[in-house]
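Student:
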Amino acid sequence: MNLKDPSGRLARWALRLQEHDFDVKYKTGKKHSDADALSRNPLEEETETSDKFLAVTTSMNLAMEQKKDQDLAKLKLLSNSSKNEEFRFIDGILCKKNFDPDGKLWLPVIPKHLRADILRHFHDAPTAGHLGFAKTYDRIRKRFYWPGMYRNVVRYVIHCRECQGRKSVPQRPPGRLVPIPPAIVPFHRIGIDLLGRFPKSAHGNKWIIVCTDYSTRYAITKALPTAEVDEIAKFLLEEIVLRHGAPRVIITDRGAVFRSRLVSSLVDLCNIDHRFTTAYHPPNKWTDGALQ
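Counting in UniProt numbering, the sequence shown runs from 1 upward without gaps.
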């Protein structure tokens, strides 16, 4: 059986085709992805993302989509230059040379309006697995190219709602807790905190400062008109140091008034060890348990 003397199935096809007037044109196998897809069994589930992604990988469609992007005009001019070896037209598609040994030698340049479809395919698809931006970028850069790809991938992965809801933010492990030994001598260790702002009282006060002794749980409170630094320093000097002596340790939160220069100078003059609670730690809202 040969084409010069067809028989059987080829003979029947030849007789059937003689009824039509047409010209046969040769096309490379890469451009026959549409016919190849039609010859396969249909998938049970087809998504919009996969359809768009298949359209992008088709050579003829990608060449047409590149013409719609005005931002690729400059790259097309560079590819026409004889000195430029980074960009080149291959089968009508603008491609960029891949200098990385991984991936293809020439990467197709993706127009702006198709980049979101590629990001969804390589990150949101069920087979993508919602990987991090590093792995997602590595998968895309081996197949495609567009200016600012890394920045786009990072922004897309960071703003992915499913990743935000299911994945924990990478951070350093919490530090070890530093237990406070029990105090034995009264006013050896005290804790100070500010409460307010409250509605203005009849005497014009809006704040309450609280001092608690860790040994006896004795509490000292005073109403203050303001939460200024001089009010805090005056309370520490008159109500604590001059009445009960200078404590060895003072524990406060990281409020600006407790970290001020005036309070720090007073603490240094009295030879007091000023310790601060851990920042951004909800259990320390009231400095420590003794002040509650």
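C-beta: ideal position from N, C-alpha, C; glycine also. All of these numbers come straight from a predicted model, not from anything done at the bench.
Quick one: residues in its chain with C-beta nearer than 7 Å to the C-beta of S260, no 5 flanking neighbours on either side, listed in chain order?
Tutor: Locating residue 260 in the sequence shown gives position 260, counting from the first residue. Hits under 7 Å: V229.
Student: DSSP three-state call for L94: helix, strand or coil?
Tutor: As a position in the sequence shown, residue 94 is number 94, starting the count at 1. It is a strand residue.
Student: Inspect the beta-carbon positions of I93 and L72 and report whether they are closer than 8 Å.
Tutor: Position 93 of the sequence shown, counted from the start, is the residue given in the question as residue 93. Position 72 of the sequence shown, counted from the start, is the residue given in the question as residue 72. Contact flag unset, no.
Student: Going by DSSP, what residue range makes up the alpha helix (DSSP H) through I118?
Tutor: The residue you call residue 118 lines up with position 118 of the sequence shown. Its alpha helix (DSSP H) spans residues 112-123.
Student: I think I220 touches P247, with their Cβ atoms under 8 Å apart; what is that distance to the nearest whole Å?
Tutor: By 1-based counting over the sequence shown, the position of residue 220 is 220. By 1-based counting over the sequence shown, the position of residue 247 is 247. Not quite, the Cβ-Cβ distance comes to about 12 Å (not below 8 Å), so this is no contact.
Student: Excluding the 5 residues flanking S201 on each side, which residues of the same chain have their C-beta closer than 7 Å to its C-beta?
Tutor: As a first step, residue 201 is located in the sequence shown; it is residue number 201 there, counting from the start. Contacts found: A223.
Student: DSSP three-state call for W207: helix, strand or coil?
Tutor: Your numbering for residue 207 matches position 207 in the sequence shown. W207: strand per DSSP, three-state reduction.
Student: So within the segment 216-274, which uninterrupted alpha helix (DSSP H) runs reach at least 4 residues, ignoring any that extend past its ends?
Tutor: Counting whole runs of 4 or more residues, the segment 216-274 contains the alpha helix (DSSP H) stretches 229-235, 261-269.
Student: Per DSSP, what kind of secondary structure is I192 in: helix, strand or coil?
Tutor: Against the sequence shown, residue 192 aligns to sequence position 192. Correct three-state label for I192: strand.
Student: Kindly indicate which three-state DSSP category Y150 falls into: helix, strand or coil?
Tutor: The count along the sequence shown starts at 1 and reaches residue 150 at position 150. Residue state, collapsed to three classes: helix.
Student: In chain order, what residues of the same chain have a beta carbon less than 6 Å from the beta carbon of I140, not counting five sequence neighbours either side?
Tutor: Numbered from 1 along the sequence shown, position 140 holds the residue referred to as residue 140. Once the five neighbours on either side are set aside, the close Cβ partners of I140 are F122.
Student: Can you tell me whether L15 is buried or exposed? The criterion is at least 16 other CB atoms within 10 Å of its CB, across all chains shown.
Tutor: Residue mapping note: residue 15 aligns to position 15 of the sequence shown, counting from 1. Result: exposed.
Student: Under a three-way DSSP split, which group does residue 326 fall into?
Tutor: Only positions 1 to 292 of the chain appear in the structure, and residue 326 is not among them; the question remains open.
Student: For V157 and A11, what's the separation of their Cα atoms in angstroms?
Tutor: On the sequence shown, residue 157 is found 157 positions in, with the first residue counted as 1. On the sequence shown, residue 11 is found 11 positions in, with the first residue counted as 1. Approximately 58 Å, taken between the alpha carbons.
Student: Would you list the residues sitting across from V109 in a DSSP beta bridge?
Tutor: Residue 109 sits at position 109 when you count from the first residue of the sequence shown. Bridge partners of V109: Y145.
Student: What residue range does the alpha helix (DSSP H) around C160 cover?
Tutor: One-based indexing of the sequence shown puts residue 160 at position 160. Element bounds for C160: n/a, residue is neither H nor E.
Student: In whole angstroms, give me the CA-to-CA distance for residue 317 and I209.
Tutor: Residue 317 lies beyond the residue range present for the chain, which begins at 1 and ends at 292; the question has no answer from this structure.
Student: Could you tell me the distance, in whole angstroms, from the CA atom of D124 to the CA atom of N152?
Tutor: Reading the sequence shown from its first residue, position 124 is the one you call residue 124. Reading the sequence shown from its first residue, position 152 is the one you call residue 152. Cα to Cα, D124 sits roughly 15 Å from N152.
Student: Under a Cβ-count criterion, where at least 16 other Cβ atoms within 10 Å of its own Cβ denotes burial, should D193 be classed as buried or exposed?
Tutor: Stepping through the sequence shown from its first residue, residue 193 is reached at position 193. By the 10 Å Cβ count, D193 comes out buried.
Student: To the nearest whole angstrom, what separates the beta carbons of I240 and V257, a pair I think is in contact under 8 Å?
Tutor: Taking the sequence shown and counting its residues from 1, one reaches residue 240 at position 240. Taking the sequence shown and counting its residues from 1, one reaches residue 257 at position 257. Wrong, their Cβ atoms sit about 15 Å apart, outside the cutoff.
Student: Do you know how far the Cα of G129 is from the Cα of P186?
Tutor: Locating residue 186 in the sequence shown gives position 186, where the first residue counts as 1. Locating residue 129 in the sequence shown gives position 129, where the first residue counts as 1. So the two alpha carbons sit approximately 60 Å from each other.
Student: Which term fits Q18, buried or exposed, when burial requires 16 or more other beta carbons within 10 angstroms of its beta carbon?
Tutor: As a first step, residue 18 is located in the sequence shown; it is residue number 18 there, counting from the start. With fewer than 16 other Cβ atoms within 10 Å, it is exposed.
Student: What first and last residue would you give for the alpha helix (DSSP H) that runs through A183?
Tutor: In the sequence shown, the residue the question calls residue 183 occupies position 183. First-last for A183: undefined, no H or E at that position.
Student: Among the candidates A134, K104, Y214, whose CA atom is the shortest distance from the CA of I180?
Tutor: Sequence index remark: in the sequence shown, residue 180 carries index 180 (1-based). When only C-alpha atoms are compared, the closest one is Y214.
Student: Are the CB atoms of P108 and F144 within a distance shorter than 8 Å?
Tutor: Residue numbering aside, residue 144 sits at position 144 when the sequence shown is read from its first letter. Residue numbering aside, residue 108 sits at position 108 when the sequence shown is read from its first letter. Cβ atoms of F144 and P108: closer than 8 Å.
Student: Consult DSSP for F198 and reduce its assignment to one of helix, strand or coil.
Tutor: In the sequence shown, counting from the first residue as 1, residue 198 sits at position 198. Three-state result, F198: coil.
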